[in-house]
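Down below is the structure, laid out as structure tokens.
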Amino acid sequence: MALPLRLYFAGPLFDHKDLLGNALLAASLERTTAGRYVCVLPQDLEAASLRAVDIRNQDLQQLITCDVALCNFDGSELDAGTVVEFMVAKFLDMPTVLLRSDFRTAGDQGQEGDPWNLMCSFYPRTRVAQCNALAWYQEARRAGGSLTDIIERFYQRLATCVMTHVEAVCQEPPLPTGPQIDLERLYQWALTFPGGSFADLCSDRSFIARVVTARRARGLV
Numbered sequence: 066m067a068l069p070l071r072l073y074f075a076g077p078l079f080d081h082k083d084l085l086g087n088a089l090l091a092a093s094l095e096r097t098t099a100g101r102y103v104c105v106l107p108q109d110l111e112a113a114s115l116r117a118v119d120i121r122n123q124d125l126q127q128l129i130t131c132d133v134a135l136c137n138f139d140g141s142e143l144d145a146g147t148v149v150e151f152m153v154a155k156f157l158d159m160p161t162v163l164l165r166s167d168f169r170t171a172g173d174q175g176q177e178g179d180p181w182n183l184m185c186s187f188y189p190r191t192r193v194a195q196c197n198a199l200a201w202y203q204e205a206r207r208a209g210g211s212l213t214d215i216i217e218r219f220y221q222r223l224a225t226c227v228m229t230h231v232e233a234v235c236q237e238p239p240l241p242t243g244p245q246i247d248l249e250r251l252y253q254w255a256l257t258f259p260g261g262s263f264a265d266l267c268s269d270r271s272f273i274a275r276v277v278t279a280r281r282a283r284g285l286v
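Numbering (the numbering used here), first residue to last: 66 to 286.
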């Protein structure tokens with residue numbers, strides 16, 4: 066049986082809509098894929114008692130140990146923390162899906178471009194899953210049933226859309242090639258550049274070897 070892929074949720078988690086929306090989508094993704102993906106939600110890991118640097122380091126550690134990143138790119142302005150996590154994922158050549166369910170246009174790319182700042186576009190091994198959440202909600206509501214039925218219908222559709230892009234981006238060839246030791250050096254740099262004692266959190270010398278070996282076993286590097 067193939068090893069499940071770990072999918073990291075990068076996105077806001079500051080209010081009830083964020084928290085429950087993340088949880089509902091994660092549950093739908095895991096159900097839709099029948100265990101092929103396991104979702105990692107930072108909101109399920111963080112403790113209010115942690116210092117700010119500890120929360121950041123914990124999230125980055127979880128991101129590095131995952132196989133795929135799903136970044137929530139909703140809003141008239143992108144969430145700053147999500148953009149940082151997206152950049153870390155790109156430094157490591159992680160397959161990434163940018164999810165935009167916000168129907169508003171924003172950014173500086175015009176009608177033909179992505180609805181956000183151009184500096185967050187054009188990266189390799191990155192796909193955009195875009196939909197109009199308001200229109201999809203109205204369609205789910207018109208189909209009838211209870212609120213539970215509407216939620217199930219909406220998130221099943223959204224999960225199917227996301228997974229189409231996740232599975233496509235995971236088939237794209239990796240950028241770095243070569244022996245495992247070279248890949249481990251690349252990942253070692255990822256422990257160094259954040260500073261803030263992040264490297265101490267991953268001080269186990271076998272940490273990077275385990276991460277790279279796991280990605281190789283899943284066919285992602």
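Cβ coordinates follow ideal geometry from the N, Cα and C atoms, glycine included.
What is the C-beta distance between residue i and residue j, in whole angstroms, given that I count them as a contact (C-beta under 8 Å)?
| i | j | result |
| --- | --- | --- |
| I246 | L89 | So it is not a contact: roughly 42 Å between Cβ atoms. |
| F138 | L106 | Not confirmed; about 17 Å, so no contact. |
| T147 | K155 | Their Cβ separation, rounded to whole angstroms, is 13 Å, which puts T147 and K155 out of contact at 8 Å. |
| Q108 | L84 | 6 Å |
Can you find the residues in the same chain that come closer than 7 Å, C-beta to C-beta, to residue i, ignoring five residues on each side of it along the sequence?
| i | result |
| --- | --- |
| P259 | L125 |
| R283 | L68, L70 and D132 |
| R35 | Residue 35 is absent from the structure shown; the chain starts at 66 and stops at 286. |
| D158 | R190, P239, L240 and P241 |
Quick one: does residue i have its CB under 8 Å from some CB of chain D?
| i | result |
| --- | --- |
| V277 | Absent from the structure: chain D. Only one protein chain is present. |
How long is the line joining the alpha carbons of residue i and residue j, rounded to whole angstroms?
| i | j | result |
| --- | --- | --- |
| W254 | L135 | 22 Å |
| D173 | A91 | 31 Å |
| L223 | Y202 | 10 Å |
| F79 | Q176 | 30 Å |
| S262 | G210 | 51 Å |
| R121 | L212 | 36 Å |
Please state whether DSSP places residue i in a helix, a strand or coil.
| i | result |
| --- | --- |
| V286 | coil |
| R206 | helix |
| A88 | helix |
| Y252 | helix |
| A99 | coil |
Could you tell me whether the Cβ atoms of residue i and residue j are closer together than 8 Å?
| i | j | result |
| --- | --- | --- |
| C104 | L72 | yes |
| T225 | T97 | yes |
| R190 | E249 | no |
| V277 | Y252 | yes |
| P77 | D144 | yes |
| R192 | V234 | yes |
In chain order, what residues of the same chain have a beta carbon less than 8 Å from the beta carbon of residue i, not counting five sequence neighbours either side?
| i | result |
| --- | --- |
| R101 | A67, P69 and L70 |
| T229 | A194 |
| L115 | Q123 |
Given residue i, which residues of its chain have a CB within under 6 Å of its CB, disregarding the five upstream and five downstream residues?
| i | result |
| --- | --- |
| Q221 | S93 |
| N197 | F168 |
| L183 | D173 and Q174 |
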